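In our numbering, the protein residues as written are 109 to 287.
Printed below as a string of structure tokens:
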């Protein structure tokens, strides 16, 4: 399930543990290794998942697989009364940003998360509380060290890898667009 996949995304950059390591540590080399390994992991897992979404017949993923991803990206965290893990949605969006996911799965996820965001936009900050515990970042970091909170950014990157899904997403209201 997508929730389990989110747990495999590196949640803390190596720079935190390197800073705590003290003098004598070659920060640059260690950080470069972390960036490469983290990027390679995201690419390998994301590409594999994307390929799996294109399977058919006995190898096809469940028909509600896209909805499973949407549900795993959007849950409230415990401080909001939910059971989602901090950074879970952001972690999954990093995986989506790699590979070319099927039009059906990507369409369900992109529309589902976007609709969720629009529905809940007036309730205050939407994604930040899901990646922060009090004043501590508890989300995920991209290989370049950026703190990721908003999953829609990774979803937009995923759409850039699938022109049909992107056209369907951005062509809302067009009677010729498939949804």
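Heads up, the beta-carbon is just placed ideally off N, CA and C, and yes, glycines get one too. Keep in mind the model is a prediction, meaning the values are calculated, not measured.
For residue j and residue i, the rounded distance between their alpha carbons
i: residue 276; j: residue 176; result: 20 Å
i: residue 168; j: residue 117; result: 24 Å
i: residue 122; j: residue 254; result: Its pLDDT being 48, under 50, residue 122 is placed unreliably by the model, and nothing is read from it.
i: residue 114; j: residue 270; result: 22 Å
i: residue 135; j: residue 148; result: 20 Å
i: residue 252; j: residue 143; result: 6 Å
Simplified DSSP state of residue i, which is helix, strand or coil
i: residue 248; result: strand
i: residue 183; result: coil
i: residue 111; result: helix
i: residue 156; result: helix
i: residue 136; result: helix
i: residue 268; result: helix
i: residue 122; result: Its pLDDT being 48, under 50, residue 122 is placed unreliably in this model, and the value from its coordinates should be taken loosely. In this structure, residue 122 counts as helix in the three-state DSSP scheme.
i: residue 276; result: helix
i: residue 169; result: coil
i: residue 190; result: coil
i: residue 163; result: coil
i: residue 205; result: coil
i: residue 174; result: helix
i: residue 323; result: Because the chain in this structure spans residues 109 to 287, residue 323 falls outside the shown range and cannot be described.
i: residue 195; result: coil
Cross-strand partners of residue i (DSSP beta bridge)
i: residue 255; result: 249
Sub-9 Å separation of residue i and residue j beta-carbons
i: residue 150; j: residue 180; result: no
i: residue 217; j: residue 178; result: yes
i: residue 171; j: residue 241; result: no
i: residue 262; j: residue 193; result: no
i: residue 196; j: residue 236; result: no
i: residue 161; j: residue 209; result: yes
i: residue 174; j: residue 214; result: yes
i: residue 182; j: residue 220; result: yes
Short CB-CB distance (under 9 Å) between residue i and chain B
i: residue 142; result: Included in the structure is just one protein chain, with no chain B present.
Jot down the residue ranges of each uninterrupted beta strand (DSSP E) in the stretch 208-248, minimum 3 residues, whole runs only, in chain order.
none
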